[in-house]
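Novice: Just so you know, the protein sequences line up as chains A and B, in that order.
Everything in the first sequence is counted per this note's numbering, starting at 1 for the first residue and increasing by one.
Everything in the second sequence is counted per this note's numbering, starting at 1001 for the first residue and increasing by one.
Where a beta carbon is used, it is the ideal one built from N, C-alpha and C, also for glycine.
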Amino acid sequence: MSLEYTVTYCTENSYENDVSEAFWQFCIIPENNTTQDLISWDFDNSLKALNEVSINGFGFQVVRIHPKQLFKKITFKASFKLVKKEINPYDFILNHEVSEDYATINNIVFIADHEPFLRKTRFTKLAEKYKSLFLFDSTKLIFDNLLELNSWVFEHLYFKVGVTDVHTSLDEVIEKRHGVCQDFAHLYCAIARENNIPVRYVSGYLHQGNGYFGDSQMHAWVEAFVPNVGWVGFDPTNNILVEHNHLKVAHGKDYHDCPPIKGVVYSKGRNTTKYVVEVQASQQ
Amino acid sequence: MKPNTEHQIFSSYNKKDGFFDEVFNSNGDAKSIYKKLFDLYGYHSVAEYVQLNNKAKASFFNQGITFQVYGEKEAKEKIFPFDLFPRIIDADEWNTIEAGSIQRSRALNLFLWDVYHDKKIIKDKIVPLELLSSSSNYLHQMIGVDPPKGIYNHVSGIDIIKHADGNYYVLEDNIRCPSGVSYVICNRTALKRALFGVFNHYQAHTVTNYAENLMEILESVKPQGVDIPTCVVITPGMYNSAYYEHSYLAKAMGVELVEGRDLFVENDFVYMKTINGPKKVDVIYRRIDDLFIDPLEFNPDSTLGLPGLFSAYRKGNVCLANAPGTGVADDKAIYTYMPEIIKYYLDEEPILSNVKTYHCSRQDELKYVLENVDKLVVKPVDEAGGYGISIGNKLTKNEIEEVKKRILKDPRKYVAQPILSLSVHPTYIEDNNSFEQRHIDLRTFTLLGKDKEFVLKGGLTRVALQEGNLIVNSSQGGGSKDTWVLKK
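Given below as structure tokens:
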């Protein structure tokens, strides 16, 4: 069984004064992987600037726009069609010894290969006082610890828009105990990395209408490396494992490796940004 | 001990024991390679020398060969002080320096390939992973990227000193955007103008072939499928301290000098705006630091770079020299592993020695450093230009305590070395109107390309102009000398 998704991403940027030059890069294209096939895309902007498909620094597809005239307002719209397989997130077997797990993650070859996703970045670094917030139980499999961490993050933070933004530090998020999906994902990354598990921050879309948190805009979750299995997706905002409701776009060490929009804009004065995401699914 | 007093301009030269004097033997006689020079300079009086020196200075200023020092209140253009008395290196010594420089550059290139691919040297536990994972210069965007023809450090500036034992030691490897080569060439021009009669008595190698060799190197790393590549030099602009050098190299290579705004990226190819329309650019000799080359990928506030440049590079459509991410290998903590790095990749013994270095990140060495700050040079691992260095025997008690505090705050950030006695060279000191001993080092310029290696036969001899000072960087009040490498 599979689902066909239609995703639209729409943004409108307005500026108080004329913009003399601008570059935008949108990291919003669903990737092709073993569970999802991108069938088509369509890009349109109000300034008729070229929509260039390129890659970001980590090889994920992006769209770039560089208008060649003065303007005060631009709207950009992208739409995608893709097919997502229905998946069982528990579709793997864990019948190995607990000690094997920890031998794997302490091996220098493993650590060297996963160095980027073990790194504590500015947004995934726990302050000294928070290092023991959640400690892994070394008598249990790593997967079980990761699952418990998923619930722990879900319970520790309350989903609320407007309390934090993309510059809020992790310390502040932990103190305020409120945040959006990025904050849930960053906290998960920070704790798992503190426990020597490689974790990737994932940016993507979420099926709408199922009552999930974070479905009205682009969503964020994580992929943790489970020894003997590989990368497994966890969605701490909703306390679930990642399955066919999650459409992956890109991953990185944290939000700043794969933000949906990056821009270099030469203009003075204030500006406003609005954006809307729609995700619709139909059974195939 | 007095040097030969019959030569007027050296009559007040005050030779101190304990330093390695490159020109005078311990009995006060000039060494054999300097003899002829002495006889020739001897015809000049101090007054004549001053006149020649002033002419040379004026010529530097008139050509705009100036630099700015960062962090000073009033940014003022300065000329790089130049000394007319040259340094001479004989052919045998030079062969060692040259072979050693090539060896280091090749090893660094292989190390960079490895740390951005399989990380074998880490997995074999030769170099600790910590040095990568704590380095802000280790660019994750470069992992798995193959730079054109496998070259990362097309241009390496290796700083070498001659110690009191008469041997050469490498002080540091600069493989981000090493500068200084234009001074080598300008020093030669100025010296030949002022003292053409002297220069012609020696068989010294030319230095003006640097630009053509750099050009060959850049052309050799052209992207796949390009026949005759278009190369450019990209500069942060006229306010950069090395702007003269950027413009000199572009002119000497016969290529365009551009800023980010002169270029644009379309469909992952780089183009230059020209009056005849867009022209595709294939190789960029970039003199902009990694984090400023592309605001869409790195520092978003950079107005120097070119949005989209990194994706063009990642797709192999343009070559950047040096490659992004080379900074991880010119970290001063990596430097301490250079002997192991050379053995690991080349299976050779290092031709040039390293200076013994203590890592403050290692507990036992940290302890030694803290106990011996007064006998050591303490350096931050990631600063260039001689900033943040403290020299133990020049510090007051309070300063020593401050240095200790700074180290303890972030031990990974510091390494320490014994205070080396850099060799000294007679240098004309304007204020005292006489020749005096001053410490010197040597920056060599090594180029790596596809099947091509080149070391400029000369290099930049830098002079610490303050008496007893050991820091030779131009930003710290250093000067320079023409450097003659003799043919056999």
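(1) Measure from the C-beta of P227/A to each C-beta in chain B and report whether the shortest distance is under 8 Å.
(2) Is it the case that the Cβ atoms of P1085/B and P1426/B are separated by a distance below 8 Å?
(3) L170/A and T124/A: beta carbons closer than 8 Å?
(4) Between which residues of its own chain and G1325/B is the CB-CB distance below 8 Å, once the five residues before and five after are set aside?
(5) Classify C181/A as helix, strand or coil using the three-state DSSP reduction.
(6) Straight-line CA distance for D42/A to P236/A?
(7) With a cut-off of 8 Å on the beta carbons, I'd call D1330/B and R1176/B a contact; round off their distance for me.
(8) Can you tell me which of the three DSSP states D37/A falls into?
(9) Using the beta-carbon of each residue, which ones in chain A are nearer than 7 Å to P1307/B?
(10) Could you tell me if D1441/B is buried or exposed, where buried requires 16 or more neighbouring beta carbons within 10 angstroms of its beta carbon?
(11) At 7 Å on the CB atoms, spell out the chain A contacts of F1310/B, in chain order.
(12) Measure from the alpha carbon of V1355/B to the alpha carbon of each residue in V1050/B, E1172/B, P1147/B and V1046/B, then state which is nearest.
(13) With DSSP collapsed to three states, give me the class of Y1368/B.
(14) Which residue's Cα is closest to the Cα of S216/A: N13/A, V277/A and V180/A?
(15) Classify Y1248/B as helix, strand or coil using the three-state DSSP reduction.
(16) Given that L1487/B touches chain A, what residues does it touch there, using C-beta distances under 7 Å?
(17) Per DSSP, W221/A is paired with what?
(18) As an exercise, report each continuous alpha helix (DSSP H) stretch of at least 4 residues that is fully enclosed by the region 1025–1095 of chain B, in chain order.
(19) Please list the partners that L1129/B has in chain A, where partner means a Cβ-to-Cβ separation under 9 Å.
(20) Are the CB atoms of I1234/B and I1284/B within a distance shorter than 8 Å?
(21) Would you mind stating whether V1381/B and V1328/B have Cβ atoms separated by less than 8 Å?
(22) Is I261/A helix, strand or coil by DSSP?
(23) Output the distance between the C-alpha atoms of L118/A and S1135/B, rounded to the nearest integer angstrom.
(24) Quick one: give me the first and last residue of the alpha helix (DSSP H) that F1310/B is part of.
(25) Output, in chain order, the set of chain A residues within a Cβ distance shorter than 8 Å of P1295/B.
(26) Counting only Cβ-Cβ distances shorter than 9 Å, please list the residues of the region 44–75 of chain A near chain B, keeping chain order.
(27) Tell me which residues share the same chain as V1318/B and place their Cβ nearer than 8 Å to its Cβ, disregarding the 5 neighbours each side in the sequence.
(28) Find the residues of chain A that neighbour N1267/B, judging by a C-beta separation of less than 7 Å, and give them in chain order.
(29) If you check the beta carbons only, do V180/A and V161/A fall under 8 Å apart?
(30) Can you round the beta-carbon distance between D37/A and V7/A to whole angstroms, since I take them to be within the 8 Å contact cut?
(31) Which residue's Cα is closest to the Cα of I1158/B: A1321/B, Y1168/B, I1407/B and N1062/B?
(32) In chain order, what are the residue ranges of uninterrupted alpha helix (DSSP H) at least 4 long that sit wholly in the region 1188–1240 of chain B?
(33) Between the Cα of P1147/B and the Cα atoms of L1214/B, P1128/B, A1091/B and S1220/B, which residue gives the shortest distance?
(34) By a C-beta neighbour count over all protein chains shown, 10 Å radius and 16 as the cutoff for buried, is L126/A buried or exposed?
(35) In chain A, which residues lie with their C-beta within 9 Å of the C-beta of P1300/B?
(36) Just curious, the beta strand (DSSP E) that K268/A is in, first and last residue?
Specialist: In short, the structure shows the following:
(1) no
(2) Position check: residue 1085/B holds Phe in this sequence, whereas Pro was assumed. The answer is yes: Cβ separation under 8 Å.
(3) yes
(4) L1112, Y1116, N1137, Y1138, L1139, Q1141, M1142, Y1152 and D1290
(5) helix
(6) 31 Å
(7) 6 Å
(8) strand
(9) F23 and V264
(10) buried
(11) G57
(12) E1172/B
(13) helix
(14) V277/A
(15) helix
(16) A small correction: the amino acid at residue 1487/B is Lys; Leu does not occupy that position in the sequence shown. By Cβ distance, chain A contributes nothing, its closest Cβ being about 47 Å from K1487/B, past 7 Å.
(17) V202/A
(18) 1032–1041 and 1046–1062
(19) I108, I111, A112 and E115
(20) yes
(21) no
(22) strand
(23) 14 Å
(24) L1309 to R1314
(25) F23 and V264
(26) L50, E52, V53, S54, I55, N56, G57, F58, G59, V62, R64 and H66
(27) P1223, F1269, V1270, V1281, D1282, V1283, I1284, L1309 and A1312
(28) E52
(29) yes
(30) About 13 Å separates the two Cβ atoms, so there is no contact after all.
(31) Y1168/B
(32) 1196–1199 and 1210–1220
(33) S1220/B
(34) buried
(35) K262, G263 and V264
(36) Careful: K268/A lies outside any beta strand (DSSP E) and carries neither H nor E.
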